[in-house]
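There are 2 protein chains.
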Amino acid sequence: MANGMTTERTAHRDAFSPDTASTRLHRALRVRLCEGDFTPGEVISIRRIAAEYGTSAMPSREAVRWLVTEGALIFSDSRKIIVPELSHDRFHEILFARKNLETEVSRQAFDNIAGTDIEALERIDERINTAIAQGDLVSYMRGNYQFHFHIYRLSHSQVLLPLVEILWLQYGPSMRYICTRWGASSIADDYHREVTQALRRGDRSAFCQAIAADIEQGMLLLE
Amino acid sequence: MANGMTTERTAHRDAFSPDTASTRLHRALRVRLCEGDFTPGEVISIRRIAAEYGTSAMPSREAVRWLVTEGALIFSDSRKIIVPELSHDRFHEILFARKNLETEVSRQAFDNIAGTDIEALERIDERINTAIAQGDLVSYMRGNYQFHFHIYRLSHSQVLLPLVEILWLQYGPSMRYICTRWGASSIADDYHREVTQALRRGDRSAFCQAIAADIEQGMLLLE
DNA sequence: CCTCTGCTAGTGTGATCACACTCGTGTGAT
DNA sequence: ATCACACGAGTGTGATCACACTAGCAGAGG
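Listed in order, the protein sequences are those of chains X and H. So the first sequence is numbered by our numbering: it starts at 1 and just counts up by one. So the second sequence is numbered by our numbering: it starts at 1001 and just counts up by one.
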């Protein structure tokens, strides 16, 4: 049980899902992928994961293979399971899809965002800013994930939300990799401030545009 | 080996995927789900599927659980795996997401659609029309799937296309169910003719609108 | 006649082993 | 020194079994 095998509820499983060793491992690995705990190209061995989490190979095998069907892991040429290295085109495709789906999810969430939610978002944004100031990349990526999905969950969308999570699973490792290459300065200017301010004004249009701008800002790192 | 366990290439696995008993079974079940071979509420037993396809429980277990992570199957209250019965809201959500994603995928595919593709689409549409005339629901659903994904595959999108397939997996069984309730007459007026005619004129805008209209037409069945 | 108990068949889950394949390495022959 | 073969460690896959749990039913006891 080396890493945080939490049972916290992620949004991906809207329907009932039994709490088994496989599902716990699956959730734990999902979080690690979204937060960039793995390096693109890294080999993910079923037996090694099983040993890390103190289970047999069976739950590990299921969790890893589920991640393959979600596109978060892929097969290498030699039948090994690895963390994908996204090509430039594919990374751009994911960000384009993110902009498309996440602005729509945000639009649906807008009416359900209460004052307490705005305060929670501002607290998360503060933590993100201190993480950036300290160059703490892990805390930044975790905060960024929490900020976006605090909003998206309020959409109560049972269809689009799982699709958005798949996109984050796929781009998480590469995003972490790109950030380490560019340094913390490259992510200094996100649009979270614009997001919360638009929410305080009750300006739905500006809110959606700020979300889109925040995602588009990630595309600039590719050029 | 009761049902068609084909090895035909579906679009969902853009990356390399080994050809094993599990993946073959997974593909076979995906096709059956998209074509409406299963009834909402039907129990999917791992051992029974294994017996049907003449394999052991292991590949069946993997294939079925993969479909659960894709949202094509869900857990019932008593831990059994069943084909989901979509609520009205959820069905509407899926169609909304389909309209959003599939018009975008079509827009990307437009430049890659050659004359031979248009002819292929017209041939598929003819088969669909005869299926409707004969009240052959299975052939209709298969043709409809082929028509749409012949277009979508030409987008060469590695990200959006798997998401679209997930949506079809989820709504396939319920769509079949709805069609049987309404009879073949309800699906008589699709927009496939408008799609191919817009392609012949080279009118991208009209093409995308026809795709969107074809999907929206499905929403009318819900009211 | 009703009720409660216990059996049975079925479910998914987890563990373990055998197999085929790949990659690297070391050893032996040329 | 160089090349070739073989061995070993590691990989995912498939089969099989034991376990816990659930639903249904049959039968004994009230």
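For each residue, glycine too, the CB sits at the ideal point set by N, CA and C.
| Check | Outcome |
| --- | --- |
| Return the CA-CA distance between X:HIS156 and H:HIS1148, expressed in angstroms with no decimal places. | 29 angstroms |
| So is X:VAL159 in contact with chain H if we call contact Cβ pairs under 7 angstroms? | yes |
| Among the candidates X:GLY115, X:PRO18, X:ARG65 and X:GLN209, whose CA atom is the shortest distance from the CA of X:SER45? | X:ARG65 |
| What are the start and end residues of the alpha helix (DSSP H) that includes H:ARG1079? | Note, H:ARG1079: premise wrong, no alpha helix (DSSP H); not H, not E. |
| DSSP three-state call for X:ASP159: helix, strand or coil? | In the sequence as presented, Asp is not what sits at residue 159 of chain X; that position holds Val. In this structure, X:VAL159 counts as coil in the three-state DSSP scheme. |
| Using a Cβ cut-off of 7 angstroms, which residues of the stretch 1044-1076 of chain H contact any Cβ in chain X, in chain order? | GLU1062, ARG1065, TRP1066, THR1069, GLU1070, GLY1071, ILE1074 and PHE1075 |
| Using a beta-carbon distance cut-off of less than 8 angstroms, what residues from the stretch 1152-1177 of chain H approach chain X? | SER1157, GLN1158, VAL1159, LEU1160, PRO1162, LEU1163, ILE1166, LEU1167 and GLN1170 |
| What in chain H is Cβ-close to X:SER17, meaning under 9 angstroms? | VAL1068, ILE1074 and PHE1075 |
| For H:HIS1012, collect the residues of the same chain with a Cβ closer than 6 angstroms to its Cβ; drop the 5 residues on either side in sequence, then sort them by chain order. | Reliability of the predicted coordinates at H:HIS1012 is poor, the pLDDT of 38 falling under 50, and no value is obtained from them. |
| Only counting the same chain, and skipping five residues up and downstream in sequence, which positions put a Cβ closer than 7 angstroms to that of H:ALA1131? | SER1139, TYR1140 and GLY1143 |
| For X:ASN100, I'd like the list of residues in its chain whose CB is within less than 7 angstroms of its CB, leaving aside the five on either flank, ordered along the chain. | none |
| Output yes if chain X places a C-beta closer than 7 angstroms to the C-beta of H:ALA1097; else output no. | yes |
| How would you write the range of the alpha helix (DSSP H) that X:LEU154 sits in, first residue to last? | Run containing X:LEU154: none; DSSP gives neither H nor E here. |
| Suppose you measure from the CA of X:VAL31 to the CA of H:ASP1214; what does that come to, to the nearest Å? | 38 angstroms |
| Taking the DSSP output, what are the residues bridged to H:VAL1043? | H:ILE1082 |
| Please classify H:PRO1059: does DSSP put it in a helix, a strand, or coil? | helix |
| Could you work out which residues of chain H lie near X:GLU102, taking near to mean beta carbons separated by less than 8 angstroms? | Near X:GLU102 there are no residues of chain H at all, since even the closest Cβ is about 12 angstroms away, more than 8 angstroms. |
| Any beta carbon from chain X within less than 7 angstroms of H:ILE1211's own beta carbon? | no |
| Which stretch, first to last residue, makes up the alpha helix (DSSP H) that contains H:GLY1218? | 1204-1220 |
| According to DSSP, is H:MET1113 part of a helix, a strand, or is it coil? | Correcting the residue type first, residue 1113 of chain H is Ile in the shown sequence and not Met. In this structure, H:ILE1113 counts as coil in the three-state DSSP scheme. |
| Can you round the beta-carbon distance between X:VAL43 and X:ILE74 to whole angstroms, since I take them to be within the 8 angstroms contact cut? | With a Cβ gap of about 11 angstroms, X:VAL43 and X:ILE74 do not count as contacting. |
| The alpha helix (DSSP H) with H:ALA1028 in it runs from where to where? | 1021-1034 |
| Hey, how far is the Cα of X:ASN129 from the Cα of H:ASP1125? | 56 angstroms |
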